[in-house]
Structure formats: C-alpha cells, structure tokens
Amino acid sequence: MKKLRVLYHDNCFDGVSSAAVFSRFYKGRIDPEATIEYEGLAHKAGQLIGEDQFGDGDNVIVDFKYSASDRLTWWFDHHESAFLSPQDEAHFRQDKSGLKFHDPGYKSCTKFIAHITEKVFSVKMPDLEELIYWADIIDGAQFADAQTAVELEAPAMKLMLVIEASHQREFIHKIIQDLQHKTLGQVMDDPDVRSRFDVLYAKHKETIDIIRKAATCSRGVIEFDVSAYGLEGYNKFIPYYLFPESVYCVGVSQSPSRAKVSVGTNPWSTRPRQHNLAKLCEKYGGGGHSVVAAISFKPDGIATARAAAREIADLLQNDTKASQ
Ligand SMILES: [Mn+2]
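Okay, so the sequence shown: first residue is 72 according to the working numbering, each after it adds one.
Below, the structure written as structure tokens:
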C-alpha cells in the first residue's frame, strides 16, 4: 500500500480542487488503497518548501512552485513564476521522471492536471467535469458577468468564499476528500460548510453596502475610500457590480500593516482599455498587471495614498472622456 502526501496551494479554490483531482487520479491509476495526507502551502517571499514538509512515500506539489528536492515525485503548476531560482528551473528541465509538468498557458492547475492525466495516463474523470469547469472560471477570473462574481449563486462560488477564508486544516482536508466523489452542491450541503458560508456571506453583503455608500462613479472611473472600515480583503468585483458602466476603479483601503491604493479595470467593460495600470502604479512605487495593480504605503501614509488615488483617478477620467 502506497503513501502519498499532497502539497497544495492553500486557501485557493484551484489549489484545493487540484488536490482533489490529483488524489482521484492517484487512487484510480497508481494505488486504490493509497493512504493520502494533505499539506497546504502559502506564499512567503523567497522561501523554499522545507524538507520536513515532504512525507516518506510519494509526494506531489499542485498549483505551487517547484521544489528541487529528491523527495518530490510529481509536480503540476500553471504559474508564470513557477521557479524560485534559475537552478530550480534547470533541475526541472533535466528531470527524466516524466511525472513533473508545467504549462503557464492553462488558466487553472485543476484543468491542467485533468488534461495531463487523460492525455498521458489515459485516466478520465467525467464526474469531476463540474469541478474542473469552475476551477478554470474562478482561477482565470473568467466570470460571465459581475452578478456571477458577486452574488455567489453557484455552489462553486459559495465554496470559493468558504475555502478562501477558512484556515483550519482538518476542515479544508475534509472538503478535498468530499470533492473527489460529490457534486459541488452536495459539498455545500454539509452543515459545517453551510454555517461557515452563512457567516461569511453576511459579511460579504455588509462589504457590498459599505462600498455602495463609499463609492462614486464619474466619467467611467469608480472612486472609493474604505480606509475607515478596516476591510482586510473584499471581493474585487463588487465595484463593477455596483457600476456596470464603469471602465476603471480606484480604491483606497487601510489595514494595520499598510495603506493601499488598488487600481483595476472592469473586466466586463466593452470600452477598450487605454492604460497599463502596472506602469501607472510603478510611478508611485507600486506594480502588478496591466489590468489590475496596486500601491502600498506605510500604515500612517493614508493622506499620501489618498492623494495618489485622486491623481490616478483624474488621469483615467480624462482618458475615458477623450475616448468617448
Ligand atoms: Mn492556480
């Protein structure tokens, strides 16, 4: 009887789904009697996965950076930045096991695993199609509309809220086990999952109200300042849900560790985007992607953050006016 340890990207719908899909594959193709353990991994700057995090049987990392450890048996990742160092990348390129896979062209690691296990190992898991579909939508932020992203009607979206906010290992590991043979609706029907969702959903609704009261939208640009409310994390699609006609969003928030300006593009806007937001934020010491970027300031730098947010909003407003 084999032993497997699954190291997965913690508090992430795609990480948890990847763990479930790989476990199903492993039991179907490698050893139906395998004992499987789970270990969540979180991003910390420059930190390697410690040798003590690997088990003494087979080890797989899913939806997370490569490790050059001899104890790593399988690896699947779809992140652009999958290697901590050129040495790690060289180690992966020289690997002859045929059990390590990287393709940044995939929107989710779950779909990547499902494709590889079918194409390379001839294992089909048609009953997991729903999970694979939703992991791809969620990790790739490919929501059909703002309602899907914010109203959280679909069981997958409800489960996403629960997975992202829950830090008890046993609870997440039970979800990984359930996802291997239940529908997403059945997983959500678990009373423990349901009661956690209810609490988180009430908070989510409060957040929508806070942003609704704080936000204005002028010339295609939403501006809001929620620094007085201590919102740590919030669903980043809420502003576009409230102002469907918007093109950009500039938000100011405050946590104990920093004051923050978040700048984003409405993914459902039909108007062409004129600016690279990463470049715009770099001028203030921030960065990110072309469609979503941010700037962090010291915790007492809220006035500077507000001034930067206003400047950026003004620039984007003139831009959207010019393009009309
Ligand atoms: Mn992922």
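A virtual CB, placed ideally from N, CA and C, is assigned to each residue, including glycine.
Using only the alpha-carbon positions, how far apart do residue i and residue j sit?
i	j	result
alanine 227	tyrosine 177	19 Å
alanine 206	proline 343	27 Å
isoleucine 366	aspartate 127	43 Å
glutamine 260	threonine 278	Reading off the sequence shown, one finds aspartate at residue 260, where the question assumed glutamine. Their Cα atoms are separated by approximately 25 Å.
alanine 185	alanine 380	42 Å
phenylalanine 242	asparagine 82	11 Å
threonine 106	aspartate 263	25 Å
glutamate 382	valine 334	12 Å
glutamine 395	glutamate 151	Low per-residue confidence applies at glutamine 395: pLDDT is 48, beneath 50, and the placement is therefore not dependable enough to give any value.
asparagine 389	aspartate 210	32 Å
alanine 225	glycine 358	32 Å
isoleucine 373	histidine 275	24 Å
serine 298	histidine 252	43 Å
phenylalanine 183	histidine 173	9 Å
aspartate 371	isoleucine 281	22 Å
phenylalanine 125	threonine 188	22 Å
aspartate 166	histidine 360	31 Å
tyrosine 97	aspartate 148	17 Å
phenylalanine 214	proline 310	15 Å
leucine 112	threonine 144	17 Å
tryptophan 146	histidine 244	19 Å
aspartate 216	glutamine 345	22 Å
threonine 375	threonine 287	20 Å
glutamate 316	tryptophan 339	9 Å
glycine 356	lysine 73	50 Å
alanine 349	phenylalanine 308	18 Å
isoleucine 170	lysine 284	The sequence given here has leucine at residue 170, not isoleucine. Roughly 52 Å between the two C-alpha positions.
For residue i, is the beta carbon positioned less than 7 Å from some heavy atom of ligand 2?
i	result
histidine 149	Ligands in the displayed structure: ligand 1; ligand 2 is not one of them.
With a 10 Å radius around its C-beta and 16 neighbouring C-beta atoms as the bar for buried, classify residue i as buried or exposed.
i	result
methionine 231	buried
phenylalanine 135	buried
alanine 90	buried
serine 179	buried
alanine 212	exposed
aspartate 198	exposed
glutamine 325	buried
threonine 181	buried
valine 332	buried
glutamate 294	buried
serine 289	exposed
aspartate 129	buried
valine 133	buried
lysine 195	exposed
alanine 273	exposed
serine 328	exposed
valine 270	exposed
arginine 100	exposed
Ligand 1 heavy atoms versus the CB of residue i: any closer than 7 Å?
i	result
histidine 275	no
aspartate 207	no
aspartate 280	no
cysteine 352	no
histidine 114	no
aspartate 210	yes
aspartate 174	no
histidine 80	yes
cysteine 320	no
serine 138	no
serine 179	yes
aspartate 85	yes
aspartate 385	no
aspartate 134	yes
Would you call the CB atoms of residue i and residue j closer than 8 Å?
i	j	result
isoleucine 234	phenylalanine 93	no
phenylalanine 192	lysine 229	no
arginine 377	valine 292	no
tyrosine 305	glutamine 218	no
valine 131	tyrosine 109	no
threonine 336	valine 363	yes
leucine 119	leucine 155	yes
alanine 236	valine 321	no
aspartate 123	alanine 139	no
Where are the alpha helix (DSSP H) runs, 4 residues long or more, that stay fully inside the region 160-194, in chain order? 180-190
What are the uninterrupted segments assigned as beta strand (DSSP E) that are 3 or more residues long and contained completely in the region 284-342, given in chain order? 287-289, 292-296, 319-326 and 329-336
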